[in-house]
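*Asks:* If you want the numbering used here, it's the position in the sequence shown, counting the first as 1, plus 77.
For every residue, glycine included, the Cβ atom is placed at its ideal position computed from N, Cα and C.
My structure is below; once you've seen it, I'll send some questions.
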Amino acid sequence: METEPNQLNGSGRVPWRLMKAQVAVAMAVVRSRPPGVSSRQHSEALGCTLRRQDGAWRERAQALQEEVLRLQQELLVSRATDDTNSSWETAGFHLSDEAIMEDLSQDLFGPGSPAFSADPPPDRDSETPDLLLHSRLQTDPWSDALLPHMRFLQSLCSVQRLDGSSVALAPEGHGGSAASETVFLLLDSVAVACRAPLLPGLPDLLPQASRAASRALDLLCCGRPSLDLRRRLEEALRQLTQMLLHSPRPGRIDGLQAAEKLKESLVALGSSSVSKSLLVRLILSEIGSLAEQLWQTSQVQESSALRTFPLDRYQNSCHLLWVLERLLSSPDRAWWRPELEAVQTAFLHRLELLVFLLWDEFPLFSILMWRIGKLL
78 METEPNQLNG SGRVPWRLMK AQVAVAMAVV RSRPPGVSSR QHSEALGCTL RRQDGAWRER
138 AQALQEEVLR LQQELLVSRA TDDTNSSWET AGFHLSDEAI MEDLSQDLFG PGSPAFSADP
198 PPDRDSETPD LLLHSRLQTD PWSDALLPHM RFLQSLCSVQ RLDGSSVALA PEGHGGSAAS
258 ETVFLLLDSV AVACRAPLLP GLPDLLPQAS RAASRALDLL CCGRPSLDLR RRLEEALRQL
318 TQMLLHSPRP GRIDGLQAAE KLKESLVALG SSSVSKSLLV RLILSEIGSL AEQLWQTSQV
378 QESSALRTFP LDRYQNSCHL LWVLERLLSS PDRAWWRPEL EAVQTAFLHR LELLVFLLWD
438 EFPLFSILMW RIGKLL
């Protein structure tokens with residue numbers, strides 16, 4: 078047996094060593110078995126202990142990661158505030174850090190801010206995203222997860238607006254890492270909150286969180302965004318669009334309310350030029366695939382076709398098409414990217430082939446597709 082590993086090539090050594098390790102662990106478990114306890118019971122007890130320890134260590138590691146991110150956020154805002162103060166001193170002004178942060182607090186939370194308004198502000202795309210006052214929300218885990226990240230991103234965007242540069246959000250270094258990580262944590266919190274039952278105040282908070290993330294994305298991607306950032310952003314947007322398209326119970330009140338908050342969140346995310354191009358591409362692909370499936374289903378005359386008919390997806394597609402129409406209605410096309418050309422061509426080709434074929438069975442879907450085609 079000792080000579081066998083020497084005869085194995087590199088690919089065979091790893092399984093051999095793994096097998097030896099497994100045998101050694103099994104022997105150790107058998108030898109450490111207390112009297113009166115079977116080897117099976119002893120191994121199961123050891124497994125439960127290890128799982129508890131692993132869970133505790135994971136929770137500890139997650140708490141440490143959150144604490145590190147919080148400290149990075151504080152450091153980034155502090156540095157950005159110092160840079161703003163230095164630039165104003167160079168221009169002949171002097172403001173202390175407390176004065177700048179007080180100005181930011183008034184901008185975000187003061188009496189003239191949207192947080193104190195009973196009605197939503199008319200300009201929902203302002204330079205500084207609005208924040209819903211915490212006292213207007215009931216205490217719930219979703220607002221506790223959303224608000225810290227929103228406050229950080231909004232403060233950072235406000236500092237950038239005062240300073241007139243995006244140095245604080247440069248992708249390089251810990252600053253860009255902390256800001257981008259906060260954006261994706263905020264988007265994850267939005268996705269989790271959208272899956273949960275509606276809570277008072279939460280529908281207003283989700284679009285505001287999306288606007289805060291959108292504004293930060295524009296600052297993070299003022300140049301050419303990194304491939305990793307685009308990949309993570311595309312995954313987050315795909316998750317939200319899939320949730321809207323596959324949302325259960327689209328005809329019930331709770332399903333409609335969930336769809337509404339998802340629609341508003343997606344439109345708010347589309348205010349960023351980076352996320353808008355990715356979002357348009359994802360929705361065009363989803364709608365094109367659904368149109369093909371609807372056409373194939375309509376050609377099957379058997380009763381089994383009714384069981385496989387994507388009724389929920391068909392009803393939810395109207396919400397997705399509404400989001401796409403809102404995104405494409407803007408006359409500004411600075412967000413358009415070359416990679417959208419292929420998706421646009423494929424969608425228009427499907428539209429030309431299927432819009433009249435689907436007219437009899439799915440008139441509303443056909444009309445909405447035709448309207449999207451006119452906007453493209």
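For residue 257, which residues in the same chain have their Cβ closer than 7 angstroms to its Cβ, ignoring the five residues on either side in sequence?
*Replies:* The residue labelled residue 257 in the question sits at position 180 within the sequence shown. Here the set comprises 297 and 306.
*Asks:* What is the DSSP secondary structure of residue 410, counted as helix, strand or coil?
*Replies:* For this step, residue 410 is matched to residue 333 along the sequence shown. Of the three classes helix, strand and coil, the one that applies to residue 410 here is coil, per DSSP.
*Asks:* Is the segment 401-408 in contact with the segment 420-437, if contact means three or more CB pairs nearer than 8 angstroms?
*Replies:* With the cut-off at 8 angstroms, the segment 401-408 and the segment 420-437 do not touch.
*Asks:* According to DSSP, is residue 198 helix, strand or coil?
*Replies:* If you number the sequence shown from 1, residue 198 lands on position 121. Residue placement at residue 198 cannot be trusted, given a pLDDT of 42 that sits under 50; the coordinates are not used to answer.
*Asks:* Near residue 372, which residues of its chain fall below 7 angstroms by C-beta distance, leaving aside the five closest residues on each side in sequence?
*Replies:* Looking up residue 372 in the sequence shown gives position 295. Only 431, 434 and 435 meet the Cβ criterion.
*Asks:* Which residue from 124, 451, 394 and 105 puts its Cα closest to that of residue 366?
*Replies:* Working through the sequence shown from its first residue, we reach residue 366 at position 289. Measuring from the Cα of residue 366, the nearest candidate turns out to be 394.
*Asks:* Measuring alpha carbon to alpha carbon, tell me which residue in 410, 346 and 445 is nearest residue 285.
*Replies:* As a working note, residue 285 is residue 208 in the sequence shown. Among 410, 346 and 445, the Cα nearest to that of residue 285 is on 346.
*Asks:* Would you give the residue range spanned by the alpha helix (DSSP H) that residue 421 belongs to?
*Replies:* The count along the sequence shown starts at 1 and reaches residue 421 at position 344. It spans 417-431 - the alpha helix (DSSP H) in which residue 421 sits, taken as one unbroken run.
*Asks:* When you compare only the Cα positions, how much space is there between residue 396 and residue 133?
*Replies:* Reading the sequence shown from its first residue, position 319 is the one you call residue 396. Reading the sequence shown from its first residue, position 56 is the one you call residue 133. Those two C-alpha atoms are separated by around 42 angstroms.
*Asks:* Skipping 5 residues on each side, what residues in its chain have a beta carbon closer than 8 angstroms to that of residue 451?
*Replies:* Here residue 451 is taken as the residue at index 374 of the sequence shown, counted from 1. If we look at residue 451 and ignore the five residues flanking it on each side, it has no Cβ neighbours.
*Asks:* Let me know the secondary structure DSSP gives residue 376 once reduced to three states.
*Replies:* What you label residue 376 is simply residue 299 of the sequence shown in a count that begins at 1. Note: residue 376 maps to coil in three-state DSSP.
*Asks:* Mind checking whether residue 283 and residue 270 have CB atoms under 9 angstroms apart?
*Replies:* Mapped onto the sequence shown, residue 283 falls at position 206. Mapped onto the sequence shown, residue 270 falls at position 193. Yes, they are a contact pair.
*Asks:* Over what stretch of residues does the alpha helix (DSSP H) that includes residue 443 continue unbroken?
*Replies:* As a position in the sequence shown, residue 443 is number 366, starting the count at 1. First-last of the alpha helix (DSSP H) with residue 443: 440-452.
*Asks:* Residues in the same chain with beta-carbon distance under 7 angstroms from residue 423, minus the five sequence neighbours each way, listed in chain order, please.
*Replies:* Taking the first residue of the sequence shown as position 1, residue 423 is located at position 346. Hits under 7 angstroms: 365.
*Asks:* Just the C-alpha distance for residue 119 and residue 130, rounded to the nearest angstrom, thanks.
*Replies:* Counting from one through the sequence shown, the residue named residue 119 turns up at place 42. Counting from one through the sequence shown, the residue named residue 130 turns up at place 53. Residue 119 and residue 130: Cα-Cα distance of roughly 17 angstroms.
*Asks:* Is the beta carbon of residue 290 sitting closer than 9 angstroms to the one on residue 349?
*Replies:* On the sequence shown, residue 290 is found 213 positions in, with the first residue counted as 1. On the sequence shown, residue 349 is found 272 positions in, with the first residue counted as 1. Contact: yes.
*Asks:* Using only alpha-carbon positions, find the residue among 100, 101 and 123 that is nearest to residue 111.
*Replies:* Taking the first residue of the sequence shown as position 1, residue 111 is located at position 34. Here the closest residue by C-alpha is 123.
*Asks:* Among residues of its own chain, excluding the 5 on either side of residue 376, which ones have a beta-carbon nearer than 7 angstroms to its beta-carbon?
*Replies:* The sequence position of residue 376 within the sequence shown is 299, counting from 1. If we look at residue 376 and ignore the five residues flanking it on each side, it has no Cβ neighbours.
*Asks:* Is the CB-CB distance between residue 399 and residue 353 below 9 angstroms?
*Replies:* For the purposes of this step, residue 399 is taken as the residue at position 322 of the sequence shown. For the purposes of this step, residue 353 is taken as the residue at position 276 of the sequence shown. No, they are not a contact pair.
*Asks:* What did DSSP end up calling residue 361 once you bin it into helix, strand or coil?
*Replies:* Residue mapping note: residue 361 aligns to position 284 of the sequence shown, counting from 1. Helix, per DSSP.
*Asks:* Taking 9 angstroms as the cut-off, decide whether the C-beta atoms of residue 421 and residue 453 are in contact.
*Replies:* As a position in the sequence shown, residue 421 is number 344, starting the count at 1. As a position in the sequence shown, residue 453 is number 376, starting the count at 1. Yes, they are a contact pair.
*Asks:* When the distance is taken between beta carbons, is residue 304 closer than 9 angstroms to residue 260?
*Replies:* Your numbering for residue 260 matches position 183 in the sequence shown. Your numbering for residue 304 matches position 227 in the sequence shown. No.
*Asks:* Give every residue of the same chain whose Cβ lies closer than 7 angstroms to the Cβ of residue 309, excluding the five residues on either side of it in the sequence, and list them in chain order.
*Replies:* As a first step, residue 309 must be located in the sequence shown, where it is residue number 232. Around residue 309: 261.
*Asks:* Counting only the same chain and skipping the five closest in sequence on each side, list residues whose C-beta sits under 7 angstroms from that of residue 363.
*Replies:* Residue mapping note: residue 363 aligns to position 286 of the sequence shown, counting from 1. Excluding residues within five positions, the ones whose Cβ falls inside 7 angstroms are 318, 322 and 397.
*Asks:* Rounded to whole angstroms, what is the Cα-Cα separation between residue 126 and residue 148?
*Replies:* In the sequence shown, counting from the first residue as 1, residue 126 sits at position 49. In the sequence shown, counting from the first residue as 1, residue 148 sits at position 71. Distance between the alpha carbons of residue 126 and residue 148 is about 33 angstroms.
*Asks:* Give me the residue from 316, 315, 281 and 360 with the minimum Cα distance to residue 334.
*Replies:* For the purposes of this step, residue 334 is taken as residue 257 along the sequence shown, with counting starting at 1. Cα-wise, what sits closest to residue 334 is 281.
*Asks:* At the level of alpha carbons, what is the spacing between residue 272 and residue 287?
*Replies:* Translated into the one-based positions of the sequence shown, residue 272 becomes position 195. Translated into the one-based positions of the sequence shown, residue 287 becomes position 210. Those two C-alpha atoms are separated by around 16 angstroms.
*Asks:* With a threshold of 6 angstroms on Cβ separation, who are the neighbours of residue 356 within its own chain once the five nearest residues in sequence on each side are excluded?
*Replies:* Residue numbering aside, residue 356 sits at position 279 when the sequence shown is read from its first letter. Correct list, in chain order: 314 and 347.
*Asks:* Determine the DSSP secondary structure at residue 284, reduced to helix, strand or coil.
*Replies:* If you number the sequence shown from 1, residue 284 lands on position 207. Of the three classes helix, strand and coil, the one that applies to residue 284 here is helix, per DSSP.
*Asks:* Quick check on the DSSP output: the alpha helix (DSSP H) that includes residue 400 runs from which residue to which?
*Replies:* Walking along the sequence shown from the start, residue 400 turns up at place 323. Segment 388-405, the alpha helix (DSSP H) holding residue 400.
*Asks:* Quick one: is residue 97 buried, meaning 16 or more other Cβ sit within 10 Å of its Cβ, or exposed?
*Replies:* Taking the first residue of the sequence shown as position 1, residue 97 is located at position 20. That one is exposed.
*Asks:* Leaving out five residues on either side along the sequence, give the residues of the same chain with a beta carbon under 8 angstroms from the beta carbon of residue 146.
*Replies:* On the sequence shown, position 69 is the one that residue 146 refers to. For residue 146, where only same-chain residues beyond five positions count, the Cβ hits under 8 angstroms are 255, 258, 259 and 262.
*Asks:* Is it the case that the Cβ atoms of residue 358 and residue 264 are separated by a distance below 9 angstroms?
*Replies:* If you number the sequence shown from 1, residue 358 lands on position 281. If you number the sequence shown from 1, residue 264 lands on position 187. Not closer than 9 angstroms, so no.
*Asks:* My understanding is that residue 116 touches residue 102, with C-beta atoms under 8 angstroms, so please give their C-beta distance in whole angstroms.
*Replies:* Start at 1 with the first residue of the sequence shown, and residue 116 comes out as number 39. Start at 1 with the first residue of the sequence shown, and residue 102 comes out as number 25. Between residue 102 and residue 116 the Cβ distance is about 12 angstroms, and since that is not below 8 angstroms, they are no contact.
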